[in-house]
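Engineer: Residue numbers for the sequence shown follow the numbering used here, so the first one is 20 and each next one is one higher.
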Amino acid sequence: MYARIAIAVICTAVAGGSVFAQESPLSLEEAQRIALSTEPKVQALNAEAAALINLSVADRKLPDVQVRTGLMNFPLEHGGFRSEGMTHLSVGLRQSVPPRGRRTALANEKTGLATQKRELANSRARDVTLQVRNAWLESYFGDHAVELVSESRSLFVELVRVARSLYSVGTRNQNDVLQAELELSKLDDRLLQVKQSRRESYAALGRLLDQPVTVAVLDELPDWSTVPPLADLQDRLIQHPIISASNAQLEADNARYDIEKSAFNPLWTFDLAYSYRDGQLPNDTPRSDFVSATVSFNVPIWGREREVRRMSAASAQKESTALNRSLLLRELRYELVVAHSRWETLSNRKELYEQNMIRQSDDHAQATLAAYRNKLVGMTDVVRSYIEQIDTQIAHLRLRVDRLKTWAQIDSLVEIGK
Numbered sequence: 020m021y022a023r024i025a026i027a028v029i030c031t032a033v034a035g036g037s038v039f040a041q042e043s044p045l046s047l048e049e050a051q052r053i054a055l056s057t058e059p060k061v062q063a064l065n066a067e068a069a070a071l072i073n074l075s076v077a078d079r080k081l082p083d084v085q086v087r088t089g090l091m092n093f094p095l096e097h098g099g100f101r102s103e104g105m106t107h108l109s110v111g112l113r114q115s116v117p118p119r120g121r122r123t124a125l126a127n128e129k130t131g132l133a134t135q136k137r138e139l140a141n142s143r144a145r146d147v148t149l150q151v152r153n154a155w156l157e158s159y160f161g162d163h164a165v166e167l168v169s170e171s172r173s174l175f176v177e178l179v180r181v182a183r184s185l186y187s188v189g190t191r192n193q194n195d196v197l198q199a200e201l202e203l204s205k206l207d208d209r210l211l212q213v214k215q216s217r218r219e220s221y222a223a224l225g226r227l228l229d230q231p232v233t234v235a236v237l238d239e240l241p242d243w244s245t246v247p248p249l250a251d252l253q254d255r256l257i258q259h260p261i262i263s264a265s266n267a268q269l270e271a272d273n274a275r276y277d278i279e280k281s282a283f284n285p286l287w288t289f290d291l292a293y294s295y296r297d298g299q300l301p302n303d304t305p306r307s308d309f310v311s312a313t314v315s316f317n318v319p320i321w322g323r324e325r326e327v328r329r330m331s332a333a334s335a336q337k338e339s340t341a342l343n344r345s346l347l348l349r350e351l352r353y354e355l356v357v358a359h360s361r362w363e364t365l366s367n368r369k370e371l372y373e374q375n376m377i378r379q380s381d382d383h384a385q386a387t388l389a390a391y392r393n394k395l396v397g398m399t400d401v402v403r404s405y406i407e408q409i410d411t412q413i414a415h416l417r418l419r420v421d422r423l424k425t426w427a428q429i430d431s432l433v434e435i436g437k
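Here it is in structure tokens:
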């Protein structure tokens, strides 16, 4: 079978190690597993999500305590540490507390962005899965298209033999032989074209797997036979990762608004200090040490207009994200409606081919050849019937593959396979 020798026709020499454990046909499930395990964009987005989670934890923490120490009020002339009453050695601690709500808002923003990255990774995984399915199905189509054209070639070889036989006994002219030989050459050209298409399909599959495909795809199509009604699927679009990513972005935008809003709350700073003094008072009693405690905060007066502008910008960003989410949902609904309609049409056409057209094209080709033997029709009619037979078989194969590709597209939108 031509599908079984795809390795000889399609693949080039493997430059590195192979991802395939054995030289057995490549199943669709295995192709999906390999592609997702080597997909750098999914890994990159998940790494970004992990980084943002760490930042969200860090944003909830208070700033570090500041330690200050120094020699205070030391006289420059004619004095020492004991000569002046206000000379002291001070050690203090300072703790800043961000405006109320800011730490929580900063953490929520990072958490929302992390969720967005994870959902974008899930969306990318769906896209890669769909691409792998399409490439795998196209490779399957290429294998069987080569097989069908190769098998049909034997029919044209027989047709050339019949034309030569009838010409040799004088019942047909040489033009019939030349026409039959020309059509055989055209079929050879078509065979070269479908082989090239098959090579390209396997190359596309290898690109997704990040490795040349050194085995043929499995000679068995997936059992994707049913699709739920459209009304039952539309409600699932809200669960698509790209919509979930937009929801997470909206949460991050809300948090950004809260960050800007927190600027109207004061920034608090607490100071606690201990001061050591040496020497004595005039009555010979030791000088007392000092303990200082202060609280300071800012009053957002001069920057009020600035903060209002920033809140206005954050609010506009929230509105933009919400509108983009609505647009994405509209596009997903459109894709689902079109794909579902295509599924129904392809299913009906597939049934029509299997019930009538394949059998009719075969019968017509056989009847035309018999009529040609009996001098009832010309070579042109025979050639046309044979080409129609090949086209019908390839069209049926294309319908089967396109129907499954449509199922895969619907599944990428609403996950009907789960």
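Virtual Cβ for every residue (Gly too), placed ideally from N, Cα, C.
(1) DSSP beta-bridge partners for Pro305?
(2) So, does the segment 232-243 touch the segment 111-131, judging by three or more C-beta pairs under 8 angstroms?
(3) Let's test the definition: count the other Cβ atoms within 10 Å of the Cβ of Glu128 and tell me whether it reaches 16, buried, or not, exposed.
(4) Just to confirm the assignment, what range does the alpha helix (DSSP H) spanning Arg119 have?
(5) Quick one: is Phe160 buried, meaning 16 or more other Cβ sit within 10 Å of its Cβ, or exposed?
(6) Mark Arg180 as exposed unless 16 or more other C-beta atoms lie within 10 angstroms of its C-beta, in which case mark it buried.
(7) Quick check on DSSP: helix, strand or coil for Ser315?
(8) For Asp400, which beta-bridge partners are listed by DSSP?
(9) Could you have a look at Ala34 and say whether DSSP puts it in helix, strand or coil?
(10) Ignore the nearest five residues each way along the sequence and tell me which others in Ser142's own chain have a CB closer than 8 angstroms to its CB.
(11) What is the C-beta distance between Ser315 and Ser109, in whole angstroms, given that I count them as a contact (C-beta under 8 angstroms)?
(12) Exposed or buried, His97, counting other C-beta atoms within 10 Å across all chains shown (16 or more means buried)?
(13) Name the residue from Arg422, Ile409 and Glu157 whose alpha carbon lies nearest to the alpha carbon of Leu210.
(14) So is Asp382 buried or exposed if we call it buried at 16+ other beta carbons inside 10 Å?
(15) So the beta strand (DSSP E) Arg87 belongs to, where does it begin and stop?
(16) Exposed or buried, which one is Lys136 when buried takes at least 16 other CB atoms within 10 Å?
(17) Verify whether the separation of the beta carbon atoms of Ser158 and Ser220 is less than 9 angstroms.
(18) Run through DSSP, which three-state label would Ser109 get?
(19) Whole-angstrom Cβ separation of Leu249 and Ala427, contact assumed at under 8 angstroms?
(20) Is it right to say Tyr276 is buried, meaning 16 or more other beta carbons lie within 10 angstroms of its own, or is it exposed?
(21) Which residues in the same chain have their Cβ closer than 8 angstroms to the Cβ of Gln412, if we skip the five residues on either side of it in sequence?
(22) How about Val151 and Gln51: are their beta carbons less than 9 angstroms apart?
(23) Report back the beta-carbon spacing between Arg255 and Val433 to the nearest angstrom; my notes put them in contact at under 8 angstroms.
(24) In angstroms with no decimal places, state the Cα-to-Cα distance between Glu177 and Ile406.
(25) Reducing DSSP to helix, strand and coil, say where Ser345 ends up.
(26) How is Val232 classed by DSSP in three states: helix, strand or coil?
(27) Quick one: Cα of Lys394 to Cα of Asp400, how far?
(28) Below 9 angstroms between beta carbons: does that hold for Arg225 and Ala282?
(29) According to DSSP, what are the bridge partners of Ala292?
(30) Using a 10 Å radius around the Cβ and a threshold of 16 neighbouring Cβ atoms, would you call Met398 buried or exposed?
Structural biologist: Walking through what the data contain:
(1) Residue mapping note: residue 305 aligns to position 286 of the sequence shown, counting from 1. Its beta-bridge partners are Gln299.
(2) Per the Cβ contact rule, the segment 232-243 is not in contact with the segment 111-131 (fewer than 3 Cβ pairs under 8 angstroms).
(3) Counted from its first residue, the sequence shown places residue 128 at position 109. It counts as buried.
(4) The residue labelled residue 119 in the question sits at position 100 within the sequence shown. It is not in any alpha helix (DSSP H) - Arg119 carries neither H nor E in the DSSP assignment.
(5) What you label residue 160 is simply residue 141 of the sequence shown in a count that begins at 1. Phe160 is buried by the Cβ-count criterion.
(6) Residue numbering aside, residue 180 sits at position 161 when the sequence shown is read from its first letter. Exposed.
(7) Sequence index remark: in the sequence shown, residue 315 carries index 296 (1-based). In the three-state scheme derived from DSSP, where H, G and I count as helix and E and B as strand, Ser315 is classed as strand.
(8) For the purposes of this step, residue 400 is taken as the residue at position 381 of the sequence shown. According to DSSP, which records beta bridges pairwise, Asp400 is partnered with nothing at all.
(9) Your numbering for residue 34 matches position 15 in the sequence shown. Per-residue confidence for Ala34 stands at a pLDDT of 32, beneath the threshold of 50, marking its modelled position as unreliable; the derived number appears in the next sentence. Three-state DSSP puts Ala34 in coil, outside helix and strand.
(10) As a first step, residue 142 must be located in the sequence shown, where it is residue number 123. Here the set comprises His259, Pro260, Ile261 and Ala264.
(11) Sequence index remark: in the sequence shown, residue 315 carries index 296 (1-based). Sequence index remark: in the sequence shown, residue 109 carries index 90 (1-based). Contact between Ser315 and Ser109 is absent: CB atoms are separated by about 17 angstroms, not below the 8 angstroms threshold.
(12) To locate residue 97, count along the sequence shown from 1; it is residue 78. The Cβ neighbour count for His97, taken over all protein chains shown within 10 Å, is under 16; the residue is labelled exposed.
(13) The sequence position of residue 210 within the sequence shown is 191, counting from 1. It is Ile409.
(14) Taking the first residue of the sequence shown as 1, we reach residue 382 at position 363. Taking a 10 Å sphere around the C-beta of Asp382, we find fewer than 16 other C-beta atoms and assign the residue as exposed.
(15) Position 68 of the sequence shown, counted from the start, is the residue given in the question as residue 87. Unbroken beta strand (DSSP E) run through Arg87: Gln85 to Met91.
(16) As a working note, residue 136 is residue 117 in the sequence shown. Buried.
(17) Indexing the sequence shown from 1 puts residue 158 at position 139. Indexing the sequence shown from 1 puts residue 220 at position 201. Closer than 9 angstroms, so yes.
(18) Taking the sequence shown and counting its residues from 1, the one referred to as residue 109 is at position 90. DSSP places Ser109 in strand when its eight states are reduced to three.
(19) Position 230 of the sequence shown, counted from the start, is the residue given in the question as residue 249. Position 408 of the sequence shown, counted from the start, is the residue given in the question as residue 427. The beta-carbon separation of Leu249 and Ala427, rounded to 17 angstroms, does not stay under the 8 angstroms limit for a contact.
(20) By one-based count along the sequence shown, residue 276 stands at place 257. Within 10 angstroms of the beta-carbon of Tyr276 lie 16 or more other beta-carbons, which makes it buried.
(21) Here the question's residue 412 lines up with position 393 in the sequence shown. Listed in chain order, the non-local C-beta contacts of Gln412 below 8 angstroms within the same chain comprise Leu167, Ser171, Ile377 and Ser380, local neighbours out to five positions each way being set aside.
(22) Counted from its first residue, the sequence shown places residue 151 at position 132. Counted from its first residue, the sequence shown places residue 51 at position 32. In this structure, Gln51 lies closer than 9 angstroms to Val151 by Cβ.
(23) Counted from its first residue, the sequence shown places residue 255 at position 236. Counted from its first residue, the sequence shown places residue 433 at position 414. That pair is a contact at about 4 angstroms.
(24) Taking the first residue of the sequence shown as 1, we reach residue 177 at position 158. Taking the first residue of the sequence shown as 1, we reach residue 406 at position 387. Rounded to the nearest angstrom, the two C-alpha atoms are 14 angstroms apart.
(25) Indexing the sequence shown from 1 puts residue 345 at position 326. Ser345 sits in a helix when the DSSP states are folded into three classes.
(26) By one-based count along the sequence shown, residue 232 stands at place 213. For Val232, the three-state secondary structure derived from DSSP is coil.
(27) As a first step, residue 394 is located in the sequence shown; it is residue number 375 there, counting from the start. As a first step, residue 400 is located in the sequence shown; it is residue number 381 there, counting from the start. Straight-line Cα distance between these residues: approximately 12 angstroms.
(28) Position 206 of the sequence shown holds residue 225. Position 263 of the sequence shown holds residue 282. In the sequence on display, residue 225 carries Gly and not Arg. The answer is no: Cβ separation not under 9 angstroms.
(29) Along the sequence shown, one-based indexing puts residue 292 at 273. In the DSSP assignment, the residues bridged to Ala292 are Gly111 and Ser311.
(30) Your numbering for residue 398 matches position 379 in the sequence shown. Answer is buried; the Cβ neighbour count reaches 16.
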